[in-house]
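First comes the structure, then the notes that go with it.
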Amino acid sequence: MTRLQTSILALLLLGPTLGCEEDQTKTVPASEVDAGPVKPAVDPNVARAMAVASAAPTAAQDGPPASGVFTPGAADGRIAKGTMPQVELGGEGSGAKIALRSLLPKPGTKQRVPVVLAFQPGPRVPPVEVRFELSFEVQKPAEGKAELPVLIQTTDVQPGPGVGGDLPKQLAQLKNSKIRYLLAEGGGALGLEVELAKGAPADLEDLLRSVAENVVASQVSFPDKPVGEGAVWMSSSRGPHQGTDALAYRMVTVKKITGDGGPSTVVELEVKSKYYAADSSIRRPGIPPGLNPVMVQFRSEGQGMILLEAGKPAPEGISNLSTAVVMHDSADTSKQMSMQGGAQVVLGDRGKQLLEAAAAAEAQQGLPSDLDVDIP
155 MTRLQTSILA LLLLGPTLGC EEDQTKTVPA SEVDAGPVKP AVDPNVARAM
205 AVASAAPTAA QDGPPASGVF TPGAADGRIA KGTMPQVELG GEGSGAKIAL
255 RSLLPKPGTK QRVPVVLAFQ PGPRVPPVEV RFELSFEVQK PAEGKAELPV
305 LIQTTDVQPG PGVGGDLPKQ LAQLKNSKIR YLLAEGGGAL GLEVELAKGA
355 PADLEDLLRS VAENVVASQV SFPDKPVGEG AVWMSSSRGP HQGTDALAYR
405 MVTVKKITGD GGPSTVVELE VKSKYYAADS SIRRPGIPPG LNPVMVQFRS
455 EGQGMILLEA GKPAPEGISN LSTAVVMHDS ADTSKQMSMQ GGAQVVLGDR
505 GKQLLEAAAA AEAQQGLPSD LDVDIP
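In this note's numbering, the protein residues as written are 155 to 530.
Next up, the structure:
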């Protein structure tokens with residue numbers, strides 16, 4: 155077994171970039187690739203759709219592939235490239251109902267939020283934190299278009315406690331990097347792009363992309379009718395994820411609504427995500443030069459507690475993501491490599507408050523928190 159060690163920084167980035175082992179077969183069991191169907195109390199038609207999207211394929215003939223990787227062209231029959239994020243409503247919830255789409259931000263809206271990315275570089279290495287300040291700006295749509303361009307700039311990047319050496323200086327080069335996506339008319343993000351600041355090392359792109367993908371995972375599409383607490387729906391979309399072209403299925407539950415739909419309204423959402431690769435290709439740091447990787451197994455799941463405030467572009471809360479990939483060389487299937495890892499992003503001050511509350515509840519009850527970083 156050999157471990158990639160191009161630099162201290164590159165090794166550190168194997169947290170969000172996934173730990174990499176070459177020439178060692180590591181089979182991910184089907185039970186880990188897909189944990190089985192979700193079981194919300196929803197309309198039977200939507201329940202079936204959710205089961206097809208997230209169930210182990212052995213349970214449904216038309217379900218996703220057991221490997222988590224679609225055969226060429228099969229994904230297009232589900233969600234074609236460029237398709238707007240979709241919504242399938244399973245239950246409208248109870249109590250006072252509000253139109254969530256009315257809470258989306260308007261062009262010209264700006265907001266700054268602190269963001270903390272936490273990941274574990276290796277199985278015996280303490281978790282590492284990188285702290286960002288992100289500036290969100292909602293821009294005017296292109297002529298004839300309803301989607302709103304959103305620009306995010308990194309106005310500050312700092313290492314967390316215990317990170318020293320040259321890393322703080324290297325991380326500082328991420329300042330003024332950019333993240334772009336389109337906010338769909340009904341909510342949900344598409345067309346994610348990341349752009350490193352001028353002069354920033356290419357190795358840092360995956361760190362920036364990890365933050366960007368967690369932000370996008372928090373941008374879900376909303377139903378076209380008012381909903382109340384307890385409402386549940388599936389938000390589906392397609393876009394870049396962990397170095398792949400991926401289909402994302404997110405089960406969204408309204409946990410709490412504070413306000414009547416006016417400017418101070420805050421909605422708390424639980425979001426559970428599953429991702430499937432549209433094909434077997436993958437591009438990401440950590441793959442040895444000269445290797446033409448073909449994915450044979452792909453599992454990526456996320457869970458978050460997200461708070462959305464009326465008119466604000468930045469989601470706040472906590473987003474967790476774990477991914478496992480098995481691949482081989484297209485020219486020599488005996489050359490196999492596995493990659494796995496996880497990361498947590500804490501978005502905004504409300505995210506910090508949620509994390510502190512979860513830690514306090516865990517300490518009081520002696521129970522693990524669902525919001526802890528989940529490193530496979």
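Virtual Cβ for every residue (Gly too), placed ideally from N, Cα, C.
It should be emphasised that the depicted structure is a prediction, and the values quoted were computed from it without experimental measurement.
Cβ-based burial, residue i [other Cβ within 10 Å; buried from 16]
i       : result
Ala-517 : exposed
Gly-458 : buried
Pro-478 : Going by the sequence as given, residue 478 is Ala instead of Pro. Buried, by the Cβ-count rule.
Gly-173 : Low local confidence applies: a pLDDT of 37 at Gly-173 is under 50, so the model's placement there is unreliable, with the coordinate-based value given in what follows. Buried is the call here.
Lys-410 : exposed
Lys-428 : buried
Arg-438 : buried
Gln-498 : buried
Asn-446 : exposed
Pro-261 : exposed
Ser-418 : exposed
Glu-144 : The shown model of the chain, from 155 to 530, leaves out residue 144, and the question about it has no answer.
Gln-396 : buried
Gly-444 : exposed
Pro-467 : buried
Gln-274 : buried
Thr-181 : With a pLDDT of 38 at Thr-181, under the threshold of 50, the predicted position of this residue should be treated as unreliable, and no value is reported.
Gly-456 : buried
Gly-342 : buried
Pro-322 : exposed
Ala-229 : buried
Selected residue, minimal CA-CA separation from residue i, among the options
i       : options                               : result
Ser-390 : Thr-225, Val-241 and Lys-235          : Val-241
Gly-314 : Gly-217, Pro-281, Val-480 and Ala-432 : Pro-281
Val-420 : Arg-278, Arg-504 and Met-238          : Arg-504
Ser-289 : Val-369, Gln-498 and Glu-283          : Val-369
Gln-490 : Val-499, Leu-508, Pro-295 and Val-448 : Val-448
Met-481 : Tyr-403, Ser-434 and Pro-355          : Ser-434
Pro-226 : Asp-399, Asp-360 and Arg-453          : Asp-399
Arg-363 : Asp-357, Gly-393 and Val-348          : Val-348
Lys-332 : Gly-471, Gly-222, Leu-358 and Lys-323 : Leu-358
Gly-245 : Gly-444, Lys-379 and Leu-508          : Lys-379
Val-317 : Gln-293, Leu-462, Val-425 and Glu-283 : Glu-283
Lys-329 : Ala-343, Gly-222, Leu-350 and Gly-342 : Leu-350
Ser-221 : Leu-508, Ala-432 and Arg-255          : Ala-432
Thr-263 : Tyr-403, Arg-404, Pro-218 and Val-292 : Val-292
Ala-272 : Glu-470, Lys-294, Leu-475 and Leu-508 : Leu-475
Gln-507 : Pro-268, Lys-251, Pro-259 and Pro-239 : Pro-268
Arg-255 : Gln-307, Gly-495 and Glu-463          : Glu-463
Met-238 : Pro-259, Lys-251 and Ala-300          : Ala-300
Residue i versus residue j - alpha carbon distance
i       : j       : result
Glu-422 : Thr-487 : 46 angstroms
Gly-465 : Glu-287 : 20 angstroms
Leu-325 : Thr-309 : 12 angstroms
Gly-340 : Pro-377 : 7 angstroms
Met-493 : Leu-305 : 31 angstroms
Ala-338 : Gly-319 : 42 angstroms
Gly-345 : Asp-414 : 32 angstroms
Ile-441 : Val-450 : 15 angstroms
Gly-353 : Gln-327 : 7 angstroms
Ala-511 : Val-279 : 26 angstroms
Asp-197 : Ser-484 : Note on Asp-197: pLDDT 44, under 50, position unreliable in the model; the coordinate value appears next. Each residue's Cα considered, the two are about 44 angstroms apart.
Ala-366 : Phe-224 : 24 angstroms
Val-381 : Gly-249 : 9 angstroms
Tyr-335 : Ser-473 : 18 angstroms
Ala-253 : Pro-355 : 44 angstroms
Val-602 : Ala-402 : This structure cannot settle anything about residue 602, because the visible part of the chain is limited to 155 through 530.
Pro-394 : Ala-234 : 13 angstroms
Gly-236 : Ala-514 : 43 angstroms
Leu-243 : Glu-470 : 23 angstroms
Gly-416 : Leu-361 : 36 angstroms
Ile-436 : Leu-302 : 29 angstroms
Glu-424 : Gly-495 : 22 angstroms
Ile-460 : Leu-509 : 12 angstroms
Gln-307 : Pro-259 : 17 angstroms
Expected contact under 8 angstroms - CB spacing of residue i and residue j to nearest Å
i       : j       : result
Leu-257 : Ser-372 : Not a contact, Cβ separation roughly 14 angstroms.
Glu-383 : Gly-231 : Not really, about 35 angstroms apart at Cβ, beyond 8 angstroms.
Val-386 : Thr-407 : 5 angstroms
Arg-285 : Gln-312 : 5 angstroms
Arg-453 : Lys-426 : Not confirmed; about 14 angstroms, so no contact.
Pro-218 : Tyr-430 : 5 angstroms
Proximity test, residue i beta-carbon vs the ligand ADP heavy atom, cut-off 6 angstroms
i       : result
Leu-254 : As far as ligands go, the structure on display features none, and thus does not contain the ligand ADP.
- Complete runs of the beta strand (DSSP E) confined to the region 268 to 318 [at least 3 residues]: 282 to 292 and 302 to 313
key: Entirely enclosed alpha helix (DSSP H) segments - the region 343 to 388, minimum 4 residues   = 359 to 371
Exercise. Taking the runs of the beta strand (DSSP E) that are 3 residues or longer, which of them lie wholly in the region 426 to 483?
Worked result: With a minimum length of 3 residues, the continuous beta strand (DSSP E) runs that stay inside the region 426 to 483 are 447 to 463 and 470 to 483.
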